[in-house]
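Protein chains: 2
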Amino acid sequence: MSEVRRDIVTDTWVIVQTSSAGMPDDSPRPPRRPPDCPFCQGNEAMTPPEVSAVRAAGTTTDGPGWRVRVVPDKQPVLRIEGALDRVGVGIHDMVTGVGANEVIIESPDHETNFAALSEEQIRLVLDTWQRRLVDLYRDSRFRYVLVFKDHGRMAGGSTIEHVHSQIIALPATPRRVKDQLDGARAYYEYKERCIFCDILQDELDSGQRVLLATDRFVVFAPYASRLPFELRVKPRRHCHSFGDATADELADLSPVLKRTVGALHSALGDPAFNVVLQTAPNLLPQDGYWETIGRDYHWFLEIIPRVRRTDGFEWGSGFFINPVAPELAVARLKEEL
Amino acid sequence: MSEVRRDIVTDTWVIVQTSSAGMPDDSPRPPRRPPDCPFCQGNEAMTPPEVSAVRAAGTTTDGPGWRVRVVPDKQPVLRIEGALDRVGVGIHDMVTGVGANEVIIESPDHETNFAALSEEQIRLVLDTWQRRLVDLYRDSRFRYVLVFKDHGRMAGGSTIEHVHSQIIALPATPRRVKDQLDGARAYYEYKERCIFCDILQDELDSGQRVLLATDRFVVFAPYASRLPFELRVKPRRHCHSFGDATADELADLSPVLKRTVGALHSALGDPAFNVVLQTAPNLLPQDGYWETIGRDYHWFLEIIPRVRRTDGFEWGSGFFINPVAPELAVARLKEEL
């Protein structure tokens, strides 16, 4: 059981697992390798029944023959059934713990390095992300769908090393997304231009922080990178939702991601990292952002290597110290492209 | 050299060390123990010259005979000299890296457990925090002073285990502080009451998340705790600045902190944790918050055990998953009081 609770001062949301008694067991456990890896082809019975898959013709659900497979998380933090209710608890607010937790198994083989997947395989993963996003956004209880990947223990990765990503459909819009929407709207109202398009142009003009640029995407280290070697992958075409990315864009994004993650892998020695999709929330006409979202927002991917720990300074303030200037990080990564 | 850069979309600030070439060395190093600990009495020459100290009469600066000692950080991320300039860089903003980094050595003896310090010693530490905050706020270039403690490697602690805390004086107000000020002001304008006073009363009424309460302080786990066993220590008296805490309050806070950190230490087996002081920024009359800060804000301490890693979900969204309900965390900690 879980509740989605709101911090009334900062409008931050937390999924609180109310049934859990005591501490999570965070002690190191051995990784699950073949033949015991539940994500390997042939071990389909070790996961919950699949939600979706990219499969060869003639193969059957929950059998072998797939290339990308989507299954519910075995230990979901949110449950898929139930109404979305907003409830007052004393002075506080909460939303019932409705949502979805899915795992995208990115290869039938026991591969642990995302950059080692073929371009075609990565494109199938991107297609799957998009398909699941669009499908989950049909359910208006889900206000935001977060697509992300945790690689390595420092990045929150589990004992399953087999390449995979995750999807969490949330019953409330995360604070960081709202902060972006507010910033983007204020900028548009002042400049009558998309802030993300302007940042992209500024990066291309200065060139100092651009790792690579294709006809459709630009990979750069943000000017105010919070963590060393943080990168953003932005489509050149203004578009608020990853759900509306074109087939041509996804086909171009695949080698871009492979090269970028490959450069990080080589430069930093298989670092832990997160990949996070930043896309528009699932708005209803009564939501404040509904009318201007297509104008204000611009989807992108964040790639965040986790090579240092955060300290109390950062947790307490939201003010970060980054010991590696993004310009230097990009110069280092370019050597590995 | 460093620059303080602003993320123009989310108004988040980052201190970027522009001179650093390549990766920080984050590999484990052995802790520095006597006789090589620079924070032990007798080793005063191993630190930069002291800024301030609580000393026995007749002892001399940078010699033994002190009880609490404040020294500049040996590797400061901000420099104390220079004007505060706000500069446009392409589309972005930055502020010159002006600020102060100080270390508060909390005991002359090689003690590593804060809860093992005497109540009187902890009171001297609190007095020192207050004195440094008030002194640094006399400098209007410093817009926020963050007082914090990193205990243990998971919490960003250094190889120096000797009990100490840190102070960073910043040239810009952190985002999380602004979020609190905005939330508190909106609440006051609607309710004509302090949101923090109301939360305190709600916690006392429900009682489920209160660890301990004295005449002057209440320790509780916040309703929307982001991390397991997160605690807040709030003064009952409405007051926006730790600089205005009374001597009676600091005398009461000392045993409250000792008991609270002691309970965490026993319940979780010497966990890594952060302590962060949340107090009002150093406002100028032209700042937006100047007129109402005394009404809207209410200082407190956050204690954040770092018993689990954060993953891409949390970094990407600012939406947290907490596997231990705060009510259960408090019940567990009460067993150790």
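Keeping their order, the protein sequence lines are chains A and B.
If you're matching positions, the first sequence starts at 1262 in this note's numbering and goes up one per residue.
If you're matching positions, the second sequence starts at 1262 in this note's numbering and goes up one per residue.
We treat Cβ as the ideally placed atom computed from N, Cα and C, and that holds for glycine.
Item                                                                                                                                                                                     : Value
Nearest by alpha-carbon distance to A1508/B: which of F1490/B, L1465/B, R1436/B and D1388/B is it?                                                                                       : D1388/B
Looking at V1537/B and G1577/A, is the spacing between their C-beta atoms short of 7 Å?                                                                                                  : yes
When you compare each of V1265/A, T1373/A, L1378/A and G1351/A to P1516/A by their alpha carbons, which one comes out closest?                                                           : L1378/A
Taking the alpha-carbon of A1533/B as reference, which of M1415/B, R1340/B and S1502/B has the nearest alpha-carbon?                                                                     : M1415/B
Going along the stretch 1319 to 1340 of chain A in order, which residues come within less than 8 Å of chain B, judged by CB to CB distance?                                              : V1338
Taking the alpha-carbon of R1402/A as reference, which of P1542/A, T1273/A and T1373/A has the nearest alpha-carbon?                                                                     : P1542/A
Could you please tell me which residues of the stretch 1469 to 1491 of chain B, in chain order, have their CB closer than 9 Å to any CB of chain A?                                      : P1483, Y1484, A1485, S1486, R1487, L1488, P1489 and F1490
Can you tell me whether H1371/A is helix, strand or coil according to DSSP?                                                                                                              : coil
Beta-carbon of D1463/A versus every beta-carbon of chain B: anything under 7 Å?                                                                                                          : yes
Give the DSSP-derived three-state secondary structure of W1274/B in the structure shown.                                                                                                 : strand
Just the C-alpha distance for Q1302/A and L1345/A, rounded to the nearest angstrom, thanks.                                                                                              : 36 Å
Return the first residue and the last residue of the alpha helix (DSSP H) that P1526/B is part of.                                                                                       : Residue identity differs from the one stated: residue 1526/B is His in this sequence, not Pro. Looking at the DSSP string, the run of the alpha helix (DSSP H) that includes H1526/B is A1508 to L1529.
Give every residue of the same chain whose Cβ lies closer than 6 Å to the Cβ of H1501/A, excluding the five residues on either side of it in the sequence, and list them in chain order. : A1541, I1554, G1555 and Y1558
Which residues in chain A have a C-beta closer than 8 Å to the C-beta of V1610/B? List them in chain order.                                                                              : Residue 1610/B lies beyond the range of chain B shown here (1262 to 1598); nothing can be said about it.
What separation, rounded to the nearest whole angstrom, lies between the Cα atoms of D1396/B and Q1278/A?                                                                                : 43 Å
Which class does I1582/B belong to by DSSP, given the choice of helix, strand or coil?                                                                                                   : strand
What separation, rounded to the nearest whole angstrom, lies between the Cα atoms of D1323/A and A1430/B?                                                                                : 57 Å
Going by alpha carbons, who is nearest to R1328/B out of T1321/B, S1263/B, P1546/B and A1317/B?                                                                                          : A1317/B
Could you give the first and the last residue of the continuous alpha helix (DSSP H) run that contains T1320/B?                                                                          : It is not in any alpha helix (DSSP H) - T1320/B carries neither H nor E in the DSSP assignment.
In whole angstroms, give me the CA-to-CA distance for E1264/B and T1475/A.                                                                                                               : 30 Å
Is R1402/B close to chain A? Criterion is C-beta to C-beta, closer than 7 Å.                                                                                                             : no
How close, in whole Å, do the beta carbons of P1566/B and G1579/A come, if the pair is a contact with beta carbons under 8 Å?                                                            : Contact doesn't hold; Cβ gap of about 19 Å is too wide.
Report buried or exposed for L1545/B, applying the criterion of at least 16 other Cβ atoms within 10 angstroms of its Cβ.                                                                : exposed
Hey, could you find the ends of the alpha helix (DSSP H) T1389/B is sitting in?                                                                                                          : E1380 to L1397
Can you grab the Cα-Cα spacing for the pair R1520/B / H1423/B, in whole Å?                                                                                                               : 20 Å
Under a three-way DSSP split, which group does P1481/B fall into?                                                                                                                        : Before going further, note that residue 1481/B is Phe rather than Pro in the sequence given. Correct three-state label for F1481/B: strand.
Pick helix, strand or coil for K1495/B, following the three-state DSSP scheme.                                                                                                           : strand
Enumerated in chain order, which unbroken segments of the beta strand (DSSP E) with a length of 3 residues or greater are wholly contained in the stretch 1428 to 1456 of chain B?       : none
Report the residue from R1290/B, G1523/B, E1563/B and P1584/B whose alpha carbon sits nearest the alpha carbon of F1375/B.                                                               : G1523/B
For the putative contact between A1485/B and V1275/A, defined by C-beta atoms under 8 Å, what is the C-beta separation to the nearest angstrom?                                          : 4 Å
Taking 7 Å as the threshold (C-beta atoms), are F1481/A and F1409/B in contact?                                                                                                          : no
Comparing C-alpha positions only, which one of R1487/A, L1461/A and L1472/A sits nearest to H1499/A?                                                                                     : L1461/A
Along chain B, which residues have their Cβ under 8 Å away from the Cβ of I1460/A?                                                                                                       : I1269, V1270 and I1352
Please indicate yes or no: does the CB of S1280/A lie closer than 6 Å to some heavy atom of the ligand HEM?                                                                              : Inclusion of the ligand HEM in the displayed structure is not the case, the ligand content being empty and no account of it being possible.
What in chain A is Cβ-close to I1428/B, meaning under 8 Å?                                                                                                                               : Under the 8 Å cutoff, chain A gives no residues; its nearest Cβ is about 10 Å from I1428/B.
Closer than 6 Å by C-beta to S1280/B: which residues in its own chain qualify, once you throw out the five before and the five after it? Chain order, please.                            : M1262
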